[in-house]
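Encoded as structure tokens, the structure appears first; notes follow it.
2 protein chains.
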Amino acid sequence: MNTQNIQGKDSMLDELSLTIRNDSGTQKLCPHNSNISCASCRLNELCLPIALNKTEIHQLDEIVERNRPLKKGDHLYRQNDEFRSVFAVRSGSFKSYVLSDTGQGRVTGFYLPGEIIGMDGIASKHYSNSTQSLEHSSICEIPFSQLEKLSHQLPNLQHHFFAIMGNEIAKDQQIHTLLSSYSAEERTASFLLGLSSRYARVSLSPTRFLLPMTRSDIGEYLGLTVETVSRIFTALQKKGLIEVNNREIELTDLEALRAIVGVETC
Amino acid sequence: MNTQNIQGKDSMLDELSLTIRNDSGTQKLCPHNSNISCASCRLNELCLPIALNKTEIHQLDEIVERNRPLKKGDHLYRQNDEFRSVFAVRSGSFKSYVLSDTGQGRVTGFYLPGEIIGMDGIASKHYSNSTQSLEHSSICEIPFSQLEKLSHQLPNLQHHFFAIMGNEIAKDQQIHTLLSSYSAEERTASFLLGLSSRYARVSLSPTRFLLPMTRSDIGEYLGLTVETVSRIFTALQKKGLIEVNNREIELTDLEALRAIVGVETC
DNA sequence: GCGATCCCTTATTCTAGATCAATAATCACT
DNA sequence: AGTGATTATTGATCTAGAATAAGGGATCGC
Chain A
409 MNTQNIQGKD SMLDELSLTI RNDSGTQKLC PHNSNISCAS CRLNELCLPI ALNKTEIHQL
469 DEIVERNRPL KKGDHLYRQN DEFRSVFAVR SGSFKSYVLS DTGQGRVTGF YLPGEIIGMD
529 GIASKHYSNS TQSLEHSSIC EIPFSQLEKL SHQLPNLQHH FFAIMGNEIA KDQQIHTLLS
589 SYSAEERTAS FLLGLSSRYA RVSLSPTRFL LPMTRSDIGE YLGLTVETVS RIFTALQKKG
649 LIEVNNREIE LTDLEALRAI VGVETC
Chain B
409 MNTQNIQGKD SMLDELSLTI RNDSGTQKLC PHNSNISCAS CRLNELCLPI ALNKTEIHQL
469 DEIVERNRPL KKGDHLYRQN DEFRSVFAVR SGSFKSYVLS DTGQGRVTGF YLPGEIIGMD
529 GIASKHYSNS TQSLEHSSIC EIPFSQLEKL SHQLPNLQHH FFAIMGNEIA KDQQIHTLLS
589 SYSAEERTAS FLLGLSSRYA RVSLSPTRFL LPMTRSDIGE YLGLTVETVS RIFTALQKKG
649 LIEVNNREIE LTDLEALRAI VGVETC
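Chains as they are written, first to last, in the working numbering: chain A, 409 to 674; chain B, 409 to 674.
In structure tokens form, the structure reads like this:
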């Protein structure tokens with residue numbers, strides 16, 4: 409609703425974080441500015457509007473709610489909340505997690521700009537995990553009932569949303585394989601390469617970026633402890649494959665990282 | 409196409425396996441008979457036709473191809489095959505797997521009657537895994553382009569297919585948690601309980617069934633070795649929670665199994 | 001019905017990564 | 001700028017489950 413009065417500070421933070429992340433140091437990725445329309449959003453070719461024509465994008469625009477930016481740690485929704493919407497990340501990043509009975513969380517996913525959050529709630533009508541902002545972030549909310557209605561009118565949108573969900577399924581199955589048979593080093597290398605190509609997708613450097621999540625988040629996601637993640641990072645650094653400095657990371661030898669994960673070099 | 413001439417033998421096998429699996433010993437689950445329509449299929453309330461009215465089911469019926477039954481080991485499709493269809497299991501069971509570079513497979517999923525196979529191919533237009541019959545099985549093939557067209561006409565179908573995909577996503581994320589933080593015993597117990605409720609869903613006994621897959625399949629699925637799966641089975645048996653005899657299994661203490669997995673008793 | 005192959009179990013050893021512990025660095029708040 | 005809280009690193013043990021090995025059963029193909 410009222411999103412205007414925080415813009416000054418937001419833009420500063422935004423520009424700061426993106427300058428660090430971006431090799432060229434000049435381009436700006438989808439600012440936190442809430443007024444931007446799908447038609448003019450830098451992410452429109454990766455996000456929901458993909459494959460839609462101008463009129464269709466306008467129709468989509470109508471149902472998208474551009475919420476007030478989220479601060480680090482803010483929740484987008486919590487486990488068991490009623491499912492109403494899916495969300496598209498406009499800037500920043502998010503993590504999804506579930507709480508085990510022992511109280512400690514297990515991270516089920518990370519979300520970067522242009523990616524869709526919340527599809528786990530579609531079937532049961534309740535979100536099956538909690539999702540939290542990892543940094544100052546902004547989001548587009550798409551009420552699902554309206555998305556369904558619109559998909560019904562726009563075959564392109566239906567087709568594309570099926571594809572987005574199918575992609576999520578394929579990705580989840582890859583992670584299944586990763587967790588069920590890869591070593592700690594293989595998991596970590598694969599994770600870094602995955603981040604790399606996701607940053608590349610939004611035109612950020614694939615070799616130099618900030619990790620928005622903690623080592624502990626990475627560990628919970630990969631089924632490893634913090635200590636192991638940290639150890640693997642230093643080991644990879646010693647081997648000259650990466651350069652880590654706290655949250656800043658540079659992948660200095662993509663080929664070697666790919667070799668760790670498996671064969672395919674694409 | 410020509411499915412008639414094998415029916416005699418099929419029905420026998422079918423009845424045999426289902427008698428063993430089924431407590432009541434009388435009801436018959438969706439026979440291999442290929443001529444059955446969605447309207448008269450015993451699974452129509454669990455499978456795609458759910459939430460469709462009679463006219464709609466008839467329309468769905470038109471696009472469903474009822475293929476010749478598959479023998480144990482037959483492939484439904486292979487990794488990288490062009491994606492054309494999703495499949496609904498009518499009888500029998502299937503496993504999906506990917507081959508690692510070292511040649512050994514890793515199982516990514518098992519599919520029982522009423523469940524949908526192949527959604528991992530939707531996004532990339534190629535199947536990301538291979539899927540193989542675990543026993544004599546029959547399948548309904550649903551050409552995806554036609555399913556999309558029909559979904560566009562029938563909001564109910566679109567809604568339901570979104571739900572099916574959402575369910576797959578939620579399930580995959582649960583497995584993510586399972587693999588990243590549960591012990592061998594917890595994984596195994598959870599796996600057995602999962603099978604139990606899936607059998608219950610198709611009105612078979614939730615406490616007594618045949619495992620259609622090998623110990624090795626289970627191990628690959630759960631990220632464990634065959635030996636560990638075997639050991640856990642005998643351990644659970646010694647504790648009196650299950651009764652295993654080769655592929656035959658009885659869950660003799662559901663409560664205790666649930667207690668191993670976590671708290672929730674529902 | 002018989003051999004070959006695959007599947008399952010059990011015992012023994014070994015290791016990757018967890019756990020425990022302690023310190024250092026960084027961040028968030030006043 | 002200072003203080004407490006979170007986050008990261010590194011080292012020393014410990015253990016769950018992998019790897020190896022080997023025998024007995026089931027199942028399949030002929």
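Glycine included, every Cβ here is placed at the ideal spot set by N, Cα and C.
- Straight-line measurement puts the Cα of proline 614 of chain B at about 5 Å from the Cα of alanine 608 of chain B.
- Where glutamine 581 of chain A is concerned, the enclosing alpha helix (DSSP H) starts and stops at 563-589.
- Here isoleucine 550 of chain B carries a strand assignment [DSSP, helix/strand/coil].
- For alanine 496 of chain B, the closest Cβ of chain A is not nearer than 8 Å.
- Glutamate 453 of chain B and histidine 466 of chain B have their alpha carbons spaced roughly 14 Å apart.
- In this structure, the straight-line span from the alpha carbon of proline 521 of chain A to that of glutamate 543 of chain B is close to 44 Å.
- For the stretch 526-549 of chain B, the set of positions with a beta-carbon nearer than 8 Å to some beta-carbon of chain A reads Met527, Asp528, Gly529, Ile530, Ala531, Ser532, Ser536, Asn537 in chain order.
- Residue-level contact check: proline 563 of chain A touches chain B, since one or more beta carbons of chain B fall below 8 Å from its beta carbon.
- Using a CB distance cut-off of 8 Å, aspartate 580 of chain B counts as an interface residue toward chain A.
- For alanine 496 of chain A, there is no enclosing alpha helix (DSSP H); the enclosing beta strand (DSSP E) has its first and last residue at 493-499.
- Unbroken alpha helix (DSSP H) stretches of 4 residues or longer found wholly inside the stretch 452-522 of chain B: 462-471, given in chain order.
- Scanning its chain for C-beta atoms nearer than 6 Å, with the 5 sequence neighbours on each side dropped, one finds around tyrosine 629 of chain B the residues Val515, in chain order.
- Closest option to threonine 539 of chain B, judged by alpha-carbon separation, among B:Leu484, B:Val472, B:Leu644, B:Leu603: B:Leu484.
- When the alpha-carbon of isoleucine 577 of chain A is set against those of B:Gly526, B:Gln566, B:Cys548, the nearest one is in B:Gly526.
- Judged by DSSP in its simplified three-state form, histidine 544 of chain A adopts coil rather than helix or strand.
- For leucine 618 of chain A, the enclosing beta strand (DSSP E) has its first and last residue at 616-618.
- Taking 8 Å as the CB threshold, histidine 584 of chain B lines the interface with chain A.
- Cβ-Cβ distances below 7 Å link glutamate 656 of chain A to Leu618 in the same chain, with the five nearest sequence neighbours on each side left out; the list follows chain order.
- Not a single C-beta of chain A is nearer than 8 Å to the C-beta of alanine 447 of chain B.
- Separation of aspartate 625 of chain A and histidine 534 of chain B (C-alpha to C-alpha, rounded to the nearest whole angstrom) is 32 Å.
- At a C-beta separation below 7 Å, serine 508 of chain A has these neighbours in chain B: Ser589.
- Among the bridge pairs identified by DSSP, asparagine 653 of chain A is matched with A:Glu656.
- Closest in C-alpha terms to asparagine 537 of chain B, from the list B:Arg606, B:Phe491, B:Asn461, B:Ala597, comes B:Phe491.
- For alanine 531 of chain A, no alpha helix (DSSP H) segment is defined, and its DSSP state is neither H nor E.
- Between serine 448 of chain B and leucine 612 of chain B, the alpha-carbon positions lie close to 19 Å from each other.
- Using a Cβ-Cβ cut-off of 8 Å, histidine 567 of chain B counts as an interface residue toward chain A, since at least one Cβ of chain A sits closer than that to its own.
- A contact is defined here as three or more CB-CB pairs under 8 Å, and the stretch 628-645 of chain B meets this definition with respect to the stretch 590-604 of chain B.
- Apart from sequence neighbours up to five positions away, the residues of its chain that approach leucine 558 of chain B with a beta-carbon distance below 7 Å are Gln467, Leu468, Ile471, Leu565, ordered along the chain.
- A Cβ-Cβ separation of about 3 Å places glycine 631 of chain B in contact with serine 588 of chain A under the 8 Å criterion.
- Using a CB distance below 9 Å, no part of the stretch 459-486 of chain B faces chain A.
- Take glutamine 645 of chain B, set aside five residues on each side of it, and the residues of its chain with a beta-carbon closer than 6 Å to its own are Val652, in chain order.
- Interface with chain A (8 Å Cβ-Cβ cutoff): leucine 612 of chain B is excluded.
- Within the model, the alpha-carbon separation for isoleucine 530 of chain B versus aspartate 489 of chain B is close to 12 Å.
- The alpha-carbon separation between phenylalanine 502 of chain A and lysine 479 of chain A amounts to approximately 11 Å.
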